[in-house]
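One structure below.
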Amino acid sequence: MPIVAQSTETIDWVSRFADEVIEESERRAPNKPVVVASGLSPSGPIHLGNLREVMTPHLVADEIRRRGRQVRHLISWDDYDRYRKVPAGIAGVDESWAEHIGKPLTSVPAPEGSPYPNWSEHFKAAMVASLAEMGVEFDGISQTEQYTSGVYREQILHAMRHRADIDAVLAQYRTKPKAAKKQQKPLDEAELEAAEGSGAASEDDGSSGSAGYFPYKPYCGGCEKDLTTVTAYDDDTTELSYVCTACGFSETVRLSEFNRGKLVWKVDWPMRWAYEGVIFEPSGVDHSSPGSSFQVGGQIVGIFGGEQPIGPMYAFVGISGMAKMSSSKGGVPTPADALKIMEPQLLRWLYARRRPNQSFKIAFDQEIQRLYDEWDKLGAKVADDSALPGDVAAYTRATGTAAGPLPATARPLPYRTLASVADITAGHQDQALRILSDLDPAHPLASLEEARPRYDKAEAWINTYVPADQRTIVREEPDVDLLKSLDEKAQHSLRLLLDGLDEHWSLDGLTHHVYGVPKVQAGFSADATPKELPPEIKTAQRSFFALLYHLLVGRDTGPRLPTLLLAVGQDRVRRLLGE
């Protein structure tokens, strides 16, 4: 069933784009499958900013499928692009890889130890696996295969015949200075890399020397690099001569039979729009500024007999906890990194709930716990029909596709609780199961499998992104000196807590009990609401919590106390609190 809200005020952004794309497809190519497209350069790790290039058309394509229409989501792997630089943070890669700069990505060796045949396939594989986990259906197109098999031969010859027309379009922008972008705050090196995109936006737009302008670059027959200059071309015979500025190699070839080269980016992209009949394709900030690829392509596509796709410019995707991450692992996080610590439904939701032109952050720090709380609350609202239509649409898009629901955790316990349990138990699964079974004694967990994969994601987050000095280590022995120093009020608070442990030994019960002790001590009911209590009760609660943390883990703070108490176990809690 389509996810379409009932009024224009509440219709979600995906449905709006789907309406426009269907209408445009009917105008351009009636009764044919709708074509949406993405382009990814496997020049290094394909990061979470690049994922927006895929998720925006995926969500639109999926909505069109839900409406019973045929649609193709093309992902062009720009693996015939030049190798531009050695990316940071790749294990086994050093500056010796710089000797390959200028070669096609598929001609560069894979990083050391990789099972894949070349650089491109190595980085493509991780993205393909992540997209499969996220339920993204697509048709992949290798640009290496397209160019080297001669698929684009007629388009290349056409571009060369119309090189003067292409040059005239490009000339409108070559001398125009780029407007300086205002930056509200400085980005660190890793964030700049995330915002940079594939780098294709900054590639040159073709050679223009004494022989004239040419929108085609051969890869050198000597060194395989694209550091070549076309020195002559004959339209009638298609004979093309070039020289390599890197190694000095030169040759004359017949372009009608030659398959070792490609159109320059600002010509290649619009050529593909026309060739594939693309109706919808978003573009990143690096391709959308005045004079850049998307704007220029909108004029050049007509030379190939096509029209520019409709599609938004998509905004930056930031990372919460980036500085800590980039210093530890180098580079920027990928979808595979995110899927190690969060379920695919949550990652899909982050892209579905924000319009493409809205920036957002993906959390790798403590913020992930708040995000999961928000996600679970939304799920509860959807279940009881109290969620807003736009939120329902985003939730539905996140939890499944037109093909059906994504695999989900059978018992989706709170992420912060699972993280705390994983932290405290340090990999002991039998202990984890004991604690999680105590969360709801009326419906105990039969096995950890019921809490998976969410439990595994929370455990991975604890083990990967929580610093060692923030991990929870429960005391082995009571803090005798602290216990002896407690005044009568503090001792009374511990006695109230211990007396009620049996009765309240569940997550909800302990939550009520722990917050209730300071209320009872002050003469109020444990059920009193914040509105019924004086402000000093909050201060008393904070002091009581700090005391418990010191006695249990030797710090001022730690995991949520109800979870911590369950994890430590009733006998050990009683011993550490001095009973």
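Residue numbers (numbering that gives the first Met the number 0): 0 to 578.
Just so it is clear, CB atoms sit at the ideal spot from N, CA and C, and this is done for glycine as well.
These figures come from a predicted structure and were not determined experimentally.
{"query": "What number of angstroms, rounded off, separates the C-alpha of A337 from the C-alpha of L346?", "result": "8 Å"}
{"query": "Measure how close the beta-carbons of P311 and P269 come, nearest whole angstrom, since I'm counting them as under 8 Å.", "result": "Going by Cβ atoms, the distance from P311 to P269 rounds to 18 Å, so no, they are not a contact pair."}
{"query": "Identify which residue in A158, V572 and Y454 has its Cα closest to the Cα of W264.", "result": "A158"}
{"query": "Within 10 angstroms of its Cβ, does W460 collect 16 or more other Cβ (buried), or is it exposed?", "result": "buried"}
{"query": "Pop quiz: P332 and D375 are said to be a contact at Cβ under 8 Å. What is the actual Cβ separation, rounded to whole angstroms?", "result": "Actually they do not touch by this definition, with Cβ atoms about 23 Å apart."}
{"query": "K261 bridges to which residues according to DSSP?", "result": "K216"}
{"query": "Give the DSSP bridge partners of D138, in chain order.", "result": "L73"}
{"query": "Which runs of the beta strand (DSSP E) fall wholly inside the segment 22-48 and span at least 3 residues, in chain order?", "result": "33-39"}
{"query": "Taking just the CA atoms, how far does T143 sit from A109?", "result": "16 Å"}
{"query": "Could I get the ranges of all uninterrupted alpha helix (DSSP H) runs contained in the segment 281-318, with 4 residues as the minimum, in chain order?", "result": "292-299"}
{"query": "Can you tell me which of the three DSSP states R587 falls into?", "result": "Nothing about residue 587 can be read from this structure; the chain reaches only from 0 to 578."}
{"query": "Which residue or residues does DSSP assign as beta-bridge partners of I100?", "result": "Beta-bridge pairing links I100 to no other residue."}
{"query": "Say the cut is 8 Å; is the CB of G276 nearer than that to a heavy atom of the ligand COA?", "result": "Absence of the ligand COA from the depicted structure is noted, as is the absence of any ligand whatsoever, leaving it without description."}
{"query": "Mind checking whether G577 and L493 have CB atoms under 9 Å apart?", "result": "yes"}
{"query": "Please report the Cβ distance between Y350 and M126, rounded to the nearest whole angstrom; I am assuming they are in contact, meaning their Cβ atoms lie under 8 Å.", "result": "Between M126 and Y350 the Cβ distance is about 15 Å, and since that is not below 8 Å, they are no contact."}
{"query": "With distances taken between CB atoms, is the gap from P122 to S37 smaller than 9 Å?", "result": "Before going further, note that residue 122 is Phe rather than Pro in the sequence given. For F122 and S37, no; Cβs fall outside 9 Å."}
{"query": "Taking the Cβ atom as the reference point for each residue, do V13 and S24 lie within a distance shorter than 9 Å?", "result": "no"}
{"query": "Let's test the definition: count the other Cβ atoms within 10 Å of the Cβ of Q182 and tell me whether it reaches 16, buried, or not, exposed.", "result": "Any reading at Q182 must be qualified, since the residue scores a pLDDT of 47, below 50, and its modelled position is unreliable; no value is offered."}
{"query": "For a test of the three-state rule: what should DSSP assign to P404, helix, strand or coil?", "result": "strand"}
{"query": "Inspect the beta-carbon positions of W96 and S40 and report whether they are closer than 9 Å.", "result": "no"}
{"query": "I need the DSSP call for T370, collapsed to helix, strand or coil.", "result": "According to the sequence shown, residue 370 is Leu rather than Thr. Of the three classes helix, strand and coil, the one that applies to L370 here is helix, per DSSP."}
{"query": "In this structure, how does DSSP classify T228 when only helix, strand and coil are distinguished?", "result": "strand"}
{"query": "Would L532 and L550 be called neighbours here (beta carbons separated by less than 9 Å)?", "result": "no"}
{"query": "Using 8 Å for Cβ pairs, my map puts T227 next to P214. What's the rounded Cβ distance?", "result": "Their Cβ separation, rounded to whole angstroms, is 13 Å, which puts T227 and P214 out of contact at 8 Å."}
{"query": "Residue range of the beta strand (DSSP E) that T251 falls in?", "result": "S249 to R253"}
{"query": "T424: which of G403, A566 and Q344 sits nearest, CA to CA?", "result": "A566"}
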